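Undergrad: Sending over a structure as structure tokens; questions will come in a sec.
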Amino acid sequence: MSESSHWYDVEGNPHHFVPKKTGPGNRATTIKDAREHGWLPGVTGIINVMAKPQLERWKMLQACSAVLTSPRREGEELDAFMNRVLFEDKEAEQEAKAAAERGTDLHDAISNALQAKGFDPKWKVYVQSILPVIEFMGKVRWIEKVLVGDGYAGRSDILIEGDENLALLDWKSCKTLPKEDSWTEHRLQSSAYAAALGNTGDKRLITGNIYLSTTLPGQTALFLQDDWKKTYEEGFVPLLKLWQFLNDYKGGQP
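Residue numbers (our numbering): 36 to 289.
Set out below in structure tokens:
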């Protein structure tokens with residue numbers, strides 16, 4: 036399911052799904068459900084109110100590819116053809132979903148490897164490329180922890196303790212590695228987690244991302260930020276307020 040549908044209570048427990056009112060099984064949590072229970076929105080859902088040019092470009096390329104490679108039915112009008120491919124057959128949407136699932140599977144493989152658990156061997160090259168980076172930075176304090184902030188919550192990937200610093204990191208898979216710094220939405224995400232982390236003692240807290248290339252398996256890029264407070268205050272907090280305004284929502288107060 037979409038990360039924008041992630042919800043948490045004030046204790047950090049996830050509530051991404053709720054029982055169906057009729058019939059067996061669960062359904063995705065809606066904002067109406069969250070309002071009723073006072074649940075907090077996930078960090079990525081908040082950041083989604085921001086324009087993401089690179090993501091939009093990728094979506095447009097997928098849509099163009101779907102239209103250009105799909106057979107047109109005999110006598111089918113152009114508008115009907117494009118509508119069928121994009122909104123009925125949803126080929127571009129299916130490709131986006133498949134890409135998201137690959138990212139999730141890779142993410143889980145890395146988490147399992149760090150916890151000495153088994154993982155699918157097809158992700159071995161990615162796991163082997165990221166482990167030395169983490170070991171170089173220090174000792175793993177925890178893996179995958181839900182952090183609750185002021186009006187939001189989210190799951191951070193890893194906290195690493197070095198001699199002088201604590202590094203709060205997320206890993207990301209992508210076709211093209213960033214060249215100079217983490218992408219904006221990822222810096223915003225990490226800043227929100229850092230603000231929610233709380234007391235770190237006498238060690239300086241830094242944030243960052245480890246990027247893994249899906250087109251060149253084994254290649255990684257590490258970017259660290261020590262200005263996360265500025266990113267949080269000037270970037271994430273305004274986005275949170277905008278999200279709350281657009282959704283007429285104040286979480287954590289049932």
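Just so it is clear, CB atoms sit at the ideal spot from N, CA and C, and this is done for glycine as well. Everything numeric in this text was worked out from a predicted model, so none of it was measured.
For L259 and A202, which I take to be in contact (beta-carbon distance under 8 Å), what is that distance rounded to the nearest angstrom?
TA: 7 Å between Cβ atoms; contact.
Undergrad: Check the DSSP bridge columns for L103 and list the partner residues they point to.
TA: Beta-bridge pairing links L103 to no other residue.
Undergrad: Span of the alpha helix (DSSP H) holding W206?
TA: Counting along the chain, W206 falls outside any alpha helix (DSSP H), though it belongs to the beta strand (DSSP E) covering N200 to C209.
Undergrad: Rounding to the nearest angstrom, what Cα-Cα distance links A230 and G184 in this structure?
TA: So the two alpha carbons sit approximately 7 Å from each other.
Undergrad: Can you give the beta carbon distance from V160 to P252, rounded, assuming they're within the 8 Å contact cut?
TA: At roughly 4 Å, the Cβ-Cβ gap stays under 8 Å, so V160 and P252 are in contact.
Undergrad: Excluding five sequence neighbours on each side, which residues of the same chain lie with their C-beta closer than 7 Å to the C-beta of L277?
TA: Excluding sequence neighbours, L277 sits near V84.
Undergrad: If you count every other CB in all the chains shown that lies within 10 Å of the CB of K56, and 16 or more means buried, which is it?
TA: Exposed, since its Cβ has fewer than 16 Cβ neighbours within 10 Å.
Undergrad: Could you name each continuous alpha helix (DSSP H) segment of 4 residues or more that falls completely within the segment 150-205, going from the start of the chain to the end?
TA: Qualifying alpha helix (DSSP H) stretches, in chain order: 159-172.
Undergrad: Are L232 and L182 touching if we call contact CB-CB under 8 Å?
TA: It is a contact, given that the beta carbons lie within the stated cut-off.
Undergrad: Please name the residue, chosen from K264, L166 and E112, that lies closest to I193 on a Cα-to-Cα basis.
TA: When each option's Cα is compared against that of I193, the closest is L166.
Undergrad: Whose C-alpha, out of L257, T139, K94 and S248, is nearest the C-alpha of F171?
TA: That would be L257, whose Cα lies nearest to the Cα of F171.
Undergrad: Report yes if the CB atom of L204 is closer than 8 Å to the CB atom of I245, and no otherwise.
TA: Yes.
Undergrad: State the start and end residues of the unbroken beta strand (DSSP E) segment that holds N61.
TA: Counting along the chain, the beta strand (DSSP E) containing N61 begins and ends at N61 to A63.
Undergrad: Can S146 and L247 be called in contact, C-beta distance under 8 Å?
TA: It is not a contact, given that the beta carbons lie outside the stated cut-off.
Undergrad: According to DSSP, what are the bridge partners of R239?
TA: Answer by DSSP bridge pairing, in chain order: N200.
Undergrad: Of the residues N282, C209, A115 and D262, which one's Cα is nearest the Cα of T250?
TA: Of N282, C209, A115 and D262, the residue nearest in Cα terms is C209.
Undergrad: Under the rule that 16 or more other beta-carbon atoms within 10 Å means buried, what is P217, buried or exposed?
TA: A small fix is needed here, since residue 217 is Ser in this sequence, not Pro. Classification for S217: buried.
Undergrad: Just to confirm before moving on: does the CB-CB distance between L121 and A135 stay below 8 Å?
TA: Going by C-beta atoms, L121 is not nearer than 8 Å to A135.
Undergrad: Given a threshold of 16 other Cβ atoms within 10 Å of its Cβ, counted over all protein chains shown, does K67 qualify as buried or as exposed?
TA: Exposed, by the Cβ-count rule.
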